[in-house]
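In the numbering used here, the protein residues as written are 36 to 111.
Below is one structure, written out as structure tokens, with a few remarks after it.
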């Protein structure tokens, strides 16, 4: 049981600490700074990257909450 709990904690920690790759972050920043002048394809790419970034942010927050809860359980 303890091994499964520790494994879950490690997985949640990786998810909570996840960062988008630097190249993706840079592309998102570049497209966001030029959003008034984007081609339709670039605008679509921006929307996809924003959605991806938002989804990962939600995942990170949920993982951080679950991690905190599991760490409290593991401490007891």
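Glycine included, each C-beta is placed from N, C-alpha and C at the ideal position.
Residues in its own chain within less than 7 Å of residue i by CB, not counting five upstream and five downstream?
i	result
residue 80	66
residue 106	44
Can you list, in chain order, the residues of its chain with a C-beta nearer than 8 Å to that of residue i? Leave out the 5 residues immediately preceding and following it.
i	result
residue 108	40
residue 55	63, 87, 88 and 91
residue 97	none
residue 94	50 and 53
Please find out if some non-hydrogen atom of the ligand FAD comes closer than 7 Å to the beta-carbon of residue i.
i	result
residue 61	Judged by which ligands are present, the structure shown has none, so any question about the ligand FAD falls away.
Q.
What ranges does the beta strand (DSSP E) occupy inside the segment 48-98, keeping only unbroken runs of at least 3 residues that lie completely in it?
A. none
Q.
Check whether the segment 78-97 and the segment 44-64 touch, using three or more Cβ-Cβ pairs below 8 Å as the test.
A. yes
Q | Segment contact, 8 Å Cβ cut-off, at least three pairs: the segment 68-77 with the segment 45-56 | A | With the cut-off at 8 Å, the segment 68-77 and the segment 45-56 do not touch.
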